[in-house]
């Protein structure tokens with residue numbers, strides 16, 4: 004392998020294969036193109052791409068060069084040890100990312116004299132070996148690392164798209180099996196989808212429900228008011244609405260409707276959930292358990308939507324103010340000793356987005372001085388140890404939780420009022436604000452990572468000549484190969500980003516209590 008193929012003969016082929024690798028839509032195609040790149044760059048290499056499953060400790064060969072296929076199949080268990088070691092080093096010591104990611108093994112198995120192993124993402128690796136030489140120079144290693152970086156970026160993109168497709172299937176299954184009655188209609192009220200719970204709520208056959216119009220499902224008495232509710236939803240000003248529904252067998256039911264506009268591929272739909280209310284609920288004293296269940300349901304609807312992030316945050320803040328009975332809701336960002344208002348909903352008009360305060364003069368200073376994820380709540384600051392705090396004069400009732408992004412404190416999600424609250428905050432309310440703060444932090448983190456991945460993809464797609472490396476910063480993938488192999492530009496992994504589930508222990512505990 005020491006005699007690299009002549010650049011004049013192989014450069015055109017390398018450029019073509021590199022472009023094909025960047026455009027690959029499946030793991031199999033991407034690996035095949037990577038193997039062809041190795042064979043184009045070197046003379047009869049022993050090369051393969053393998054995947055390590057940490058749960059079982061097994062290794063699967065995803066593809067290999069033609070000349071080394073038999074050798075690869077005969078010794079697939081040589082990879083786990085090196086892969087596990089590299090993964091452990093990355094996890095335990097972040098400074099390892101500054102070191103060379105290529106591992107050179109000078110005593111590999113069988114006829115191979117020297118082998119280079121380069122991680123491709125977290126659980127895959129590119130291995131390239133030589134049978135007739137005992138060392139590889141820096142130029143050869145740089146070429147192998149460049150191919151690995153290109154393959155890593157492509158597989159990250161493919162993994163992300165596959166994850167999104169699976170997420171769509173899961174979403175459909177959750178919709179169909181949900182215990183919450185859900186109707187999806189077009190802008191004219193014609194139903195396009197209903198789930199099992201919605202059909203059961205009406206007492207009718209599925210075909211009779213799915214082929215009808217949502218206002219008509221509720222009967223002549225309520226049809227007009229339901230139609231007005233849908234019209235308001237299209238303008239974005241809809242509020243939960245209580246009406247009646249004529250059940251096919253059980254007479255008239257009282258239900259609360261919550262609707263939301265959803266735009267998909269340029270077409271607008273309305274998603275409406277229906278919650279049956281008992282006769283004692285209407286006009287009576289609020290039931291805390293029912294209030295919690297309603298708040299949790301509305302939180303689920305807001306966070307499951309596809310609205311702009313800023314709009315979702317405003318709706319979450321409005322939901323929190325309504326649920327807690329407070330005047331002001333703020334998502335803040337903390338930078339050193341500065342407290343900046345990211346987003347605000349304020350019935351008093353006291354605060355506005357972009358305002359900056361000294362952290363020590365805000366009650367969030369107390370929140371962040373506590374445990375990293377612990378909420379702070381009091382109905383009357385005069386009955387706490389914080390009555391002499393600089394913010395106590397304007398903040399009498401307060402509930403907040405830290406917002407954590409990438410294991411660092413981003414800021415707080417807080418709700419407050421300039422007068423005491425009549426009732427003390429319940430444990431369920433403290434768990435609710437923690438849950439909302441957790442979702443906000445997870446969503447900010449996800450968006451940061453997704454923006455990075457999109458930036459990398461844009462860079463790679465714009466490259467016409469991949470004979471150089473890009474962006475040597477930590478956690479940034481590089482482009483493809485070095486032309487003369489003289490540079491030893493570092494590469495590091497790009498992350499396959501997907502929207503991870505955020506149903507934490509707090510969510511499950513809160514949900515269980517709300518159903519008591």
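In the numbering used here, the protein residues as written are 4 to 519. Glycine included, C-beta positions come from ideal geometry on N, C-alpha and C.
Asked                                                                                                                  : Found
Residue 244: first and last residue of the uninterrupted alpha helix (DSSP H) it sits in                               : It is not in any alpha helix (DSSP H) - residue 244 instead sits in the beta strand (DSSP E) that spans 244 to 250.
Beta-carbon proximity of residue 395 to residue 384, cut-off 8 Å                                                       : yes
Opening and closing residue of the alpha helix (DSSP H) in which residue 105 lies                                      : Counting along the chain, residue 105 falls outside any alpha helix (DSSP H), and DSSP gives it neither H nor E.
Unbroken beta strand (DSSP E) run spanning residue 408, endpoints                                                      : 400 to 408
Residue 218 in three-state terms, based on DSSP                                                                        : helix
Residue from 366, 409, 444 and 379 whose Cα sits closest to the Cα of residue 392                                      : 366
Cβ contact check for the stretch 337 to 356 and the stretch 433 to 444: 3 or more pairs under 8 Å                      : no
Distance between residue 323 and residue 217 (C-alpha atoms, nearest Å)                                                : 29 Å
Proximity of residue 131 and residue 33 at Cβ, strictly below 8 Å                                                      : no
For residue 432 and residue 368, the rounded distance between their alpha carbons                                      : 21 Å
Pick from 377, 123, 127 and 138 that is closest to residue 108, judged by C-alpha positions                            : 138
Identity of the residues DSSP links to residue 53 by a beta bridge                                                     : 64 and 128
Endpoints, alpha helix (DSSP H) assigned at residue 384                                                                : Careful: residue 384 lies outside any alpha helix (DSSP H) and carries neither H nor E.
As assigned by DSSP and simplified to three states, the class of residue 319                                           : helix
Nearest to residue 17 (by Cα), restricted to the options 30, 105 and 149                                               : 149
Classification of residue 233 by the beta-carbon crowding that lies within 10 angstroms, buried from 16 upward         : buried
Residue 245 classed as buried or exposed, judged by whether at least 16 other C-beta atoms fall within 10 angstroms    : exposed
Residue from 249, 195, 206 and 361 whose Cα sits closest to the Cα of residue 219                                      : 249
Rounded C-alpha distance that separates residue 26 from residue 39                                                     : 15 Å
Simplified DSSP assignment, three categories, for residue 179                                                          : helix
Beta bridge counterpart(s) of residue 122 as assigned by DSSP                                                          : 128
Delimiting residues of the alpha helix (DSSP H) encompassing residue 329                                               : Looking at the DSSP string, residue 329 is not in any alpha helix (DSSP H), and its letter there is neither H nor E.
Cα-Cα separation, residue 105 to residue 53                                                                            : 15 Å
Start-to-end residues for the alpha helix (DSSP H) that takes in residue 232                                           : 223 to 237
Close beta carbons around residue 313, own chain, < 6 Å, minus the five adjacent residues each side                    : none
The ligand GTP heavy atom lying under 7 Å from the CB of residue 257                                                   : Ligands in the displayed structure: none, and consequently the ligand GTP is not present.
Exposed unless 16 or more other CB atoms sit within 10 angstroms - verdict on residue 195                              : exposed
Whether residue 419 touches residue 302 by CB criterion (8 Å)                                                          : no
Spatial neighbours of residue 222 in its chain, beta-carbon cut-off 6 Å, leaving aside the 5 residues before and after : 249
Integer Cβ distance of residue 275 from residue 262, believed to fall under 8 Å                                        : 4 Å
Proximity of residue 127 and residue 158 at Cβ, strictly below 8 Å                                                     : yes
Straight-line Cα distance separating residue 363 from residue 370                                                      : 11 Å
Residue(s) in a DSSP beta bridge with residue 419                                                                      : 331 and 401
Where residue 22 sits in the DSSP three-state scheme                                                                   : helix
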